[in-house]
Amino acid sequence: MISADKPIRTPQVRPFNSALEYGFRTLFILNAAGGHAMDLQRLVSYDYLLVHSGDVDDGPASLHPAMPHRGTELLVKRNVIHAGLTQMLAKELIQIVFAPQGFLYRATDMTAAFIKLLKSAYAHELGARANWIVDRFGRYTDQELEAFMAQNVGRWGTEFDRLTAVDLLEL
Numbered sequence: 001m002i003s004a005d006k007p008i009r010t011p012q013v014r015p016f017n018s019a020l021e022y023g024f025r026t027l028f029i030l031n032a033a034g035g036h037a038m039d040l041q042r043l044v045s046y047d048y049l050l051v052h053s054g055d056v057d058d059g060p061a062s063l064h065p066a067m068p069h070r071g072t073e074l075l076v077k078r079n080v081i082h083a084g085l086t087q088m089l090a091k092e093l094i095q096i097v098f099a100p101q102g103f104l105y106r107a108t109d110m111t112a113a114f115i116k117l118l119k120s121a122y123a124h125e126l127g128a129r130a131n132w133i134v135d136r137f138g139r140y141t142d143q144e145l146e147a148f149m150a151q152n153v154g155r156w157g158t159e160f161d162r163l164t165a166v167d168l169l170e171l
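For the sequence shown, our numbering assigns the number 1 to the initial residue and increments by one for each residue that follows.
This is the structure in C-alpha cells:
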C-alpha cells in the first residue's frame with residue numbers, strides 16, 4: 001500500500017559514466033574497426049584512448065577534460081564496459097564472436113545504421129577519434145597494446161602533480 005504522505009521516488013538516471021555511455025562509445029570503436037572483432041581488454045584500452053586521445057603523443061585533442069590520475073580509469077572501466085556491451089547486444093547493435101582466444105565483439109550492419117542517425121558534434125568527434133584509434137593502434141598485437149598502455153598509464157594525469165608541487169614552492 002502506498003502512503004499518501006510520502007512521495008514516490010523514481011530512481012535517478014545517471015547517463016554519465018554509466019554502462020549505457022560506455023556501450024555507446026564502443027559502438028563507435030567497433031564501427032571504425034570495419035568488421036574486425038576485438039576482445040574486452042582491447043575495448044577497455046580503446047575507450048580510454050577515445051576520450052583521452054590527447055594523452056598520446058601526436059594524438060588529437062581529448063574529448064573529455066583532463067583529470068588527475070586519469071590513468072586509473074583503466075582499473076574500473078572493464079566491468080562497466082562489459083555491462084554496456086551487454087546492453088548493445090540486447091539491442092542487436094553488436095554481436096559476439098566465439099574465437100579460440102575467447103569472446104570477441106564485432107559491429108553489425110545495425111551499428112553503422114545507428115551511428116549514421118547521430119548528428120551531434122560529440123558524435124562526429126567520437127567517430128573521428130575512433131577512426132584515429134583504429135588507424136594508430138589497430139596493427140598492435142594484444143601484447144603490444146598492453147605494453148603501450150602499461151608504459152604510459154602511470155604518467156597520464158600526473159601533470160596535476162607537477163602543478164601542485166610548483167604551487168607549494170615558496171620563493
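Ideal Cβ positions, reconstructed from N, Cα and C, are used throughout, including at glycine. All of these numbers come straight from a predicted model, not from anything done at the bench.
Starting from residue i, follow the beta strand (DSSP E) in both directions and report where the run begins and ends.
i	result
residue 95	94–99
residue 106	102–107
According to DSSP, residue i sits in a beta bridge with which residue or residues?
i	result
residue 38	105
Compute the distance between the beta-carbons of residue i and residue j, then report whether it is under 8 Å.
i	j	result
residue 50	residue 129	yes
residue 125	residue 85	no
residue 8	residue 47	no
residue 115	residue 17	no
residue 83	residue 19	yes
residue 145	residue 42	yes
residue 182	residue 23	With the chain covering 1 to 171 only, the question about residue 182 has no answer from this structure.
residue 44	residue 77	yes
Which residue comes first and which comes last in the alpha helix (DSSP H) that contains residue i?
i	result
residue 29	19–32
residue 80	73–90
residue 55	Taken as a continuous stretch (DSSP letters only), residue 55 belongs to no alpha helix (DSSP H), as it is neither H nor E.
residue 124	121–137
residue 145	142–153
Cβ pair count under 8 Å reaching 3, the stretch 21–33 against the stretch 87–94: yes
Three CB pairs or more closer than 8 Å across the stretch 31–42 and the stretch 119–135: yes
Cβ contact check for the stretch 42–56 and the stretch 109–119: 3 or more pairs under 8 Å: no
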